[in-house]
Amino acid sequence: MRAVIQRVSKASVTIEGTVKSQIQQGFLILLGICDDDSMEDVDWLVRKIANLRVFDDEKGVMNRSILDMNGEALVVSQFTLYASYKKGNRPSWFKAGSHEHSIPLYEAFCKTLSDQLEKPVGTGEFGANMQVELLNDGPVTICMDTKNKE
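Sequential numbering from 6 applies to the sequence shown in this note's numbering.
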């Protein structure tokens, strides 16, 4: 499971001209899932993201988590995080998980993160053409991969 976590002042997802989700201060999370991901990956990644200390404290030091800030989260499925670009110039996504495997894990990730934050998590729509807008705060962008936990 791969995630790109962006600290944002605000973010939104629009599908076919309609805003599906929007948040204020918190994280926009782009989430990629492969076929060998499991609930263990969901639990580890949610725990790391919820406790990631990248929000400023009163001294201006990145020392607070999204939990400390009572921040919001928006999670967007992003199969292209598993792009393979080794051959040629047109990427392939054979490493990305199948819909049958990925949708339940995406939903589990969103629910687990919502439980951690004790508030609803905004979502995109799995497989939809989405327009994602954000105001990256910092900018702060962190990449995580559950296959690289060390």
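Glycine is no exception: its CB is placed at the ideal position from the N, C-alpha and C atoms.
Query                                                                                                : Result
Burial state of GLU155 (16 or more Cβ within 10 Å)                                                   : exposed
Which listed residue (ASN153, GLU138 and THR151) has its alpha carbon closest to that of VAL13       : GLU138
7 Å Cβ shell around LYS53 - same chain, five flanking residues per side excluded                     : MET149
Collapsed DSSP secondary structure at THR128 in the structure displayed                              : strand
When LEU50, MET44, MET135 and SER17 are compared against VAL9, the one with the closest alpha-carbon : LEU50
One or two residues paired with THR19 in a DSSP bridge                                               : VAL24 and GLN136
Reduced DSSP category for MET113 - H, G, I as helix; E, B as strand; rest coil                       : Position check: residue 113 holds Ala in this sequence, whereas Met was assumed. ALA113 falls in the helix class under three-state DSSP.
Cutoff 7 Å; reference PRO109; Cβ partners in own chain excluding five residues on either side        : none
Per DSSP, cross-strand counterpart(s) of VAL145                                                      : ARG12
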